[in-house]
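Chains A and B are the protein sequences, given in the same order. Using this note's numbering, read the first sequence as starting at 55 and increasing by one per residue. Using this note's numbering, read the second sequence as starting at 504 and increasing by one per residue. To keep things clear, I will list the structure first and then write my remarks on it.
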Amino acid sequence: ETGVTQTPRHLVMGMTNKKSLKCEQHLGHNAMYWYKQSAKKPLELMFVYNFKEQTENNSVPSRFSPECPNSSHLFLHLHTLQPEDSALYLCASSQVQGEHDTQYFGPGTRLTVL
Amino acid sequence: RKEVEQDPGPFNVPEGATVAFNCTYSNSASQSFFWYRQDCRKEPKLLMSVYSSGNEDGRFTAQLNRASQYISLLIRDSKLSDSATYLCVVMQTGANNLFFGTGTRLTVIP
Numbered sequence: 055e056t057g058v059t060q061t062p063r064h065l066v067m068g069m070t071n072k073k074s075l076k077c078e079q080h081l082g083h084n085a086m087y088w089y090k091q092s093a094k095k096p097l098e099l100m101f102v103y104n105f106k107e108q109t110e111n112n113s114v115p116s117r118f119s120p121e122c123p124n125s126s127h128l129f130l131h132l133h134t135l136q137p138e139d140s141a142l143y144l145c146a147s148s149q150v151q152g153e154h155d156t157q158y159f160g161p162g163t164r165l166t167v168l
Numbered sequence: 504r505k506e507v508e509q510d511p512g513p514f515n516v517p518e519g520a521t522v523a524f525n526c527t528y529s530n531s532a533s534q535s536f537f538w539y540r541q542d543c544r545k546e547p548k549l550l551m552s553v554y555s556s557g558n559e560d561g562r563f564t565a566q567l568n569r570a571s572q573y574i575s576l577l578i579r580d581s582k583l584s585d586s587a588t589y590l591c592v593v594m595q596t597g598a599n600n601l602f603f604g605t606g607t608r609l610t611v612i613p
C-alpha cells in the first residue's frame with residue numbers, strides 16, 4: 055500500500071544534528087497529522103493540519119517544527135533533540151467530512167537520538 | 504485519568520478460539536470509535552469503525568455501550584494471522600484528533 059509514504063524509514067541522529075522527516079499522502083485528503091509512538095505508551099498526537107493550516111499543537115517542544123506546504127506534503131523538522139525523543143514518528147491523513155473521519159497511517163520513521 | 508484505557512494483555516489463545524477485548528473511554532462527548540490493528544514494527548491500520556448499533560465484519564464484531572462508556576471487539580475462530588496489537592481509538596465531536604489506548608496484544612497459538 056502506498057497511500058501514505060514516509061521517509062526516511064530509519065534515522066539515527068546526534069543531539070546537535072538537524073534533520074527533517076517527510077510525509078506524502080496520495081489519497082486526496084485534506085488533513086494531515088504527526089504522531090509519536092514510544093514504547094509502552096499510546097500514540098500521542100503532536101500536530102494537526104487542516105487544509106494546510108495548523109489547528110492542533112499538543113504542547114510539543116519547539117525542537118519539533120512542522121511544515122505543511124500543501125495538502126499532500128507534511129514535514130517535521132528536528133533540531134537539538136534529546137535521547138527521550140527516540141520513538142516511532144507516524145504520519146497520518148484523513149478526509150475531514152463527518153463523524154467517522156478515518157485516519158490512514160504511513161509506515162513511520164523510527165528515530166534514534168544518541 | 505487516561506482518555507482511553509485498555510487491558511494490555513497479552514492474550515494468548517489457541518487457533519479457533521473466541522477472544523474479546525474491552526476498552527473504556529473517559530469523555531462522554533466522544534462520538535466516533537474505531538479499532539485499529541498494529542503488527543509488530545508496522546503502522547496502525549483501521550480494522551473497523553464502531554457504530555452505535557454495533558457492527559460485524561466477518562469474524563469480527565464491535566459493540567459500543569455509551570451508558571457505560573466502553574467499546575468491545577470480539578474475534579471468533581481466531582487465526583494465526585490475527586496475532587497483533589489491537590488499538591482502541593476514540594474521537595471527540597468536532598475534533599479530528601484521535602485518542603489511542605495503549606493496545607491489547609493478542610497472540611494466537613497453533
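Heads up, the beta-carbon is just placed ideally off N, CA and C, and yes, glycines get one too. The model shown is predicted, which means the values in this text are computed figures rather than measured ones.
Residues near residue i by beta carbon distance below 6 angstroms, same chain, minus five either side
i                            : result
phenylalanine 524 of chain B : Leu576, Tyr589 and Thr607
tyrosine 87 of chain A       : Val102 and Ala146
serine 552 of chain B        : Phe537
Residue j beta carbon less than 9 angstroms from that of residue i
i                            : j                            : result
threonine 605 of chain B     : asparagine 515 of chain B    : no
leucine 132 of chain A       : phenylalanine 118 of chain A : yes
glutamate 518 of chain B     : isoleucine 612 of chain B    : yes
leucine 135 of chain A       : glutamine 91 of chain A      : no
glutamine 595 of chain B     : glutamine 509 of chain B     : no
phenylalanine 602 of chain B : asparagine 530 of chain B    : yes
serine 148 of chain A        : alanine 85 of chain A        : yes
aspartate 560 of chain B     : threonine 521 of chain B     : no
arginine 562 of chain B      : lysine 582 of chain B        : yes
Contacting residues, own chain, Cβ-Cβ under 7 angstroms from residue i (five flanking each side not counted)
i                       : result
valine 66 of chain A    : Thr166 and Leu168
proline 161 of chain A  : Gln60 and Arg63
tyrosine 539 of chain B : Pro547, Lys548, Leu549, Leu550, Leu590 and Val592
glycine 57 of chain A   : Gln79, His80, Leu81 and Tyr158
serine 586 of chain B   : Leu609, Thr610 and Val611
Within-9 angstroms CB hit, residue i to chain B
i                        : result
threonine 70 of chain A  : no
glutamine 79 of chain A  : no
aspartate 139 of chain A : no
leucine 165 of chain A   : no
proline 96 of chain A    : yes
leucine 144 of chain A   : yes
leucine 128 of chain A   : no
lysine 156 of chain A    : Note that residue 156 of chain A is threonine in the sequence shown here, rather than lysine. It does; some Cβ of chain B falls within 9 angstroms.
valine 114 of chain A    : no
glutamate 110 of chain A : yes
proline 62 of chain A    : no
Proximal residues to residue i (C-beta, below 8 angstroms), its chain only, five neighbours per side dropped
i                         : result
serine 555 of chain B     : Leu567 and Arg569
glycine 557 of chain B    : Thr564, Ala565, Gln566 and Leu567
proline 511 of chain B    : Thr605, Gly606, Thr607 and Arg608
asparagine 112 of chain A : Glu98, Leu99, Met100 and Phe101
threonine 109 of chain A  : Val102 and Tyr103
methionine 69 of chain A  : Thr134, Leu135, Gln136, Pro137, Val167 and Leu168
Selected residue, minimal CA-CA separation from residue i, among the options
i                            : options                                   : result
valine 114 of chain A        : A:Lys72, A:Glu107, A:Cys122 and A:Asp139  : A:Asp139
tyrosine 89 of chain A       : A:His83, A:Val150 and A:Ala141            : A:Ala141
tyrosine 528 of chain B      : B:Leu601, B:Val507, B:Ser571 and B:Arg562 : B:Val507
phenylalanine 105 of chain A : A:Thr156, A:Gln151, A:Ser116 and A:Asn71  : A:Gln151
isoleucine 574 of chain B    : B:Glu559, B:Asp580, B:Cys526 and B:Gly561 : B:Cys526
proline 137 of chain A       : A:Arg164, A:His83 and A:Asp155            : A:Arg164
serine 571 of chain B        : B:Thr521, B:Ala520, B:Pro513 and B:Ala532 : B:Ala532
lysine 505 of chain B        : A:Gly68, A:Lys95 and A:Thr70              : A:Lys95
Residue i at chain A interface by Cβ criterion, 9 angstroms
i                         : result
proline 547 of chain B    : yes
asparagine 600 of chain B : yes
leucine 609 of chain B    : no
threonine 564 of chain B  : no
arginine 579 of chain B   : no
glycine 512 of chain B    : no
lysine 582 of chain B     : no
valine 507 of chain B     : yes
Neighbour flag for residue i against chain E, beta carbons, 9 angstroms
i                     : result
leucine 99 of chain A : Chain labels in this structure do not include chain E; the protein chains are A and B.
| field | Validate contact between the segment 75-89 of chain A and the segment 115-127 of chain A using beta carbons, cut 8 angstroms, 3 pairs | value | yes
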